[in-house]
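Colleague: Just passing along the structure, written as structure tokens.
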Amino acid sequence: MRVLVRLLRFTFPYKRQVVLTVGSMIGASLFALAVPTIVGQTLDTALEAQRDGHVAWEPLLRAALLILGAASLRGLFAYTQQYFGENLSQSVAYSIRNAIYNRLQRLSFAYHDHSEIGQIMSRATQDVEGVRMYVNFGIVRVGYIVILLGVALYLMLRSNVTLAMVSWGFLPIIAFVSTVMSMRLRPLWLAVQDSQGRLSTTLQESLSGIRVVKAFSREEFESQKFDVEAKNQFTWSYATNRIQAINQPLLTALNAAALVATIWVGGEQVANGTLTAGQLTAFLGYLYLLAQPVRMLGMIANILSRTVSAGERIFEILDAESAVKEKPGAVVLPRVSGRVEFDHVAFGYKASHPIIRDVDLVAEPGQIFALVGPTGSGKSTLVNLMPRFYDVTGGAVRVDGVDVRDATITSLRRNIGIVQQDVFLFIDTIRENIRYGKQGATDEEVEEAAKAARIHDFILTMPDGYDTWVGERGVTLSGGQKQRISIARTLLMDPAILIFDDSTSSVDMETEYLIQQALAELMRGRTTFVIAQRLRTVKSADAILVLDRGEIVERGTHNELIHTGGLYQKIYELELRDQEEAFRGDAAAVAGR
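Using the working numbering, read the sequence shown as starting at 8 and increasing by one per residue.
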């Protein structure tokens, strides 16, 4: 009930639709119940006239007109009930989807590091659809049934107490059967929805990595993996349908038993003269009207069970706490000068397992810092603390003297430009991918950024130039082309602080040389942190920070560190020395051209 009531709160902003839906339900219920009353009274009148030797044409004609009118109005109210009920359910689904999406956008990296895309997509689609059915069928239909039951039971009790008690005797049994079925279905529906999430994850992962699948000839393996999840989906879905298949006929049989018992007792009363034929007919009409709602109880119990499971999964996202939160009254940073201070910074996903340990440094505006170190030494994690993708667990990171935790996240990240190692491009035009970092930028500004990133000339060779559409994740472009578009997107922001996470690792030596020429000018006046394994980048830095196991073990310039015999010298001998000769040759070739 806690989950269902909480889901019900999503209807509060749509009070008009709720009022119109409830009004339509009341109208449809009352006019549905009017028909048996009219039929019963007309039958008694006709029989009375027949006993007097007359034909009751007038009451029969009047009854026909009343029944036609009541049926027409019932149909009208049923239409408006369906219309406004569907409008309400779609509005609630719209609100929940937006709430899920907005929540996901505001959760920190820590949440997304451990979440599965397929599970999230299943919750935003299949589970929300389950909630929509709950609003339309669970709430609207239940409301209709409650009104119909309430008025019908009152009329039945007023008509004949004995018959009412006989027919009502089956209602507790029907309620018990529906409750038991709901309890059995709830864990099954949860398993179905979890299975749908795993199925979506398997499908999404296989399609995203289709080139890897084909490169390693693993099509059969992926098909078998998908088949396992599809069978699980079939098994759990079949289990729910099997229970429903047993429940629905059982409810129908109970309803038929109530009808038989009512006719048996009512027939005796008519024979004894304590009940008229019209009253029995009206009573049976009320009972007949209750047959459909009673049969619907099974479907509604199924919907409620599915909704509880769906609601629990949805609220897991809506209730997720972001590890990075904006303080109340956080200050809005203007354009900063670019002074960055790491004050005894420590970080770990778990406090007992720190990844960054006691990092202490100050970067003045315009300085370039190169971060080098073995894989897993903490280079990317360290720079991710500046824009608050993660929050420090010890010490503080300050920008222009302001602790980043005291600034609004939007204003902080507006001052920091990032070119990430895993370049992501959206399914859109090249122009809009570059403009993504600065909405409202003019076409001239976009082109200037592209020229600075040495991608403008390539774009002009494309069939539609800047209006050329990029495939999913930029698969239609090479690694170097994607990185230059990503660099252009960052440069368009004109940030005071730049972070380049291995940003030129996927380009050839000539392209890298051209990009470095542009970046040398663009980095001037900006504080820049570069994570790179290219000697050219390392040698141009004002300071090199050598990280190992989350600590800065060496710092200095290339010339200062090259002969110390420390970790930097080892990295140079293993990875950088070969680049030096290639660099000299490529520089001479490019200069010659």
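Glycine included, each C-beta is placed from N, C-alpha and C at the ideal position.
Is it buried or exposed for proline 194, if we count other Cβ within 10 angstroms and need 16 for buried?
Modeller: exposed
Colleague: If we call anything under 8 angstroms between Cβ atoms a contact, is leucine 162 one with tyrosine 295?
Modeller: no
Colleague: For the stretch 399–411 and the stretch 343–357, state whether three or more C-beta atom pairs, one from each stretch, are separated by less than 8 angstroms.
Modeller: yes
Colleague: To the nearest angstrom, report how far apart valine 477 and threonine 436 are at their CA atoms.
Modeller: 6 angstroms
Colleague: Look at leucine 505 and methionine 469 and say whether their C-beta atoms are less than 8 angstroms apart.
Modeller: no
Colleague: From this set, Ala414, Val153 and Ile270, which residue's C-alpha is nearest lysine 334's C-alpha?
Modeller: Looking at the Cα atoms, Ala414 is the closest of the given residues.
Colleague: In chain order, which continuous runs of the alpha helix (DSSP H) of length 4 or greater are located wholly inside the stretch 123–173?
Modeller: 124–129, 135–140 and 149–166
Colleague: Apply the 10 Å Cβ neighbour rule to leucine 214 and answer buried if 16 or more other Cβ atoms are within range, or exposed otherwise.
Modeller: exposed
Colleague: By Cβ distance, which residues of its chain are closer than 6 angstroms to alanine 425, with the 5 residues on each side in sequence left out?
Modeller: The question names alanine, yet the displayed sequence has isoleucine at residue 425. The residues are Ile506.
Colleague: Compute the beta-carbon to beta-carbon distance between arginine 139 and valine 99, rounded to the nearest angstrom, for a pair I have assumed lies under 8 angstroms.
Modeller: Confirmed, Cβ separation roughly 7 angstroms.
Colleague: Closest by CA to isoleucine 550, which one among Leu378, Ser418, Met500 and Pro502?
Modeller: Contrary to the premise, residue 550 reads as alanine rather than isoleucine in this sequence. Selected option, being the one with the closest Cα: Leu378.
Colleague: Whose CA, out of Ser115, Gly145, Leu37 and Phe228, lies closest to the CA of glycine 92?
Modeller: Gly145
Colleague: Which residue comes first and which comes last in the beta strand (DSSP E) that contains isoleucine 434?
Modeller: That residue, isoleucine 434, is in no beta strand (DSSP E); it is neither H nor E in DSSP.
Colleague: Rounded to the nearest angstrom, what separates glutamine 633 and valine 404 at their Cα positions?
Modeller: This structure cannot settle anything about residue 633, because the visible part of the chain is limited to 8 through 600.
Colleague: Would you identify the three-state DSSP class for lysine 357, choosing helix, strand or coil?
Modeller: Strand.
Colleague: Have a look at His565, Leu542, Thr544 and Ile578 and flag the residue whose alpha-carbon is nearest the alpha-carbon of aspartate 555.
Modeller: Ile578
Colleague: Checking the sheet assignment: what are the DSSP bridge partners for alanine 563?
Modeller: Reading off the sequence shown, one finds glycine at residue 563, where the question assumed alanine. Answer by DSSP bridge pairing, in chain order: Ile551.
Colleague: When the Cα of leucine 581 is compared with those of Gly380, Glu454 and Gly280, which residue comes out closest?
Modeller: Gly380
Colleague: Could you say which of Ala41, Arg113 and Arg104 lies nearest to alanine 78 if we only look at CA atoms?
Modeller: Ala41
Colleague: Helix, strand or coil: how does DSSP classify glutamate 582 here?
Modeller: Helix at glutamate 582.
Colleague: Would you decide whether glycine 82 is buried or exposed? Buried here means 16 or more other CB atoms lie within 10 Å of its CB.
Modeller: Burial call: exposed.
Colleague: So valine 272 and valine 173 are in contact, right, with Cβ under 8 angstroms, and what is the actual spacing, rounded?
Modeller: 5 angstroms
Colleague: So glycine 402 is in the beta strand (DSSP E); what residue range does that whole segment cover?
Modeller: 401–406
Colleague: I think methionine 32 touches isoleucine 154, with their Cβ atoms under 8 angstroms apart; what is that distance to the nearest whole Å?
Modeller: 6 angstroms
Colleague: Please report the distance separating the alpha-carbon of leucine 50 from that of alanine 284.
Modeller: 7 angstroms
Colleague: Would you tell me roughly how many angstroms separate the C-alpha atoms of arginine 491 and leucine 368, rounded to the nearest one?
Modeller: 30 angstroms
Colleague: Using the Cα positions of glutamate 227 and valine 430, report the straight-line distance between them to the nearest angstrom.
Modeller: 30 angstroms
Colleague: Residues in its own chain within less than 7 angstroms of alanine 159 by CB, not counting five upstream and five downstream?
Modeller: Contacts found: Leu40, Tyr293, Leu296 and Leu297.
Colleague: Do proline 394 and glycine 557 have their beta-carbon atoms positioned less than 8 angstroms apart in this structure?
Modeller: no
Colleague: Under 8 angstroms between the Cβ atoms of leucine 311 and tyrosine 151?
Modeller: no
Colleague: Whole angstroms are fine: how far does the CA of proline 20 sit from the CA of alanine 459?
Modeller: 49 angstroms
Colleague: Would you give the residue range spanned by the beta strand (DSSP E) that leucine 368 belongs to?
Modeller: 363–370
Colleague: In the DSSP assignment, find the beta strand (DSSP E) that holds valine 235 and state where it starts and stops.
Modeller: It is not in any beta strand (DSSP E) - valine 235 instead sits in the alpha helix (DSSP H) that spans 226–279.
Colleague: Do you know whose CA, among Val338, Thr247, Gln211 and Tyr118, lies nearest phenylalanine 233's CA?
Modeller: Gln211
Colleague: Can you look up isoleucine 423 in the DSSP assignment and give me helix, strand or coil?
Modeller: strand
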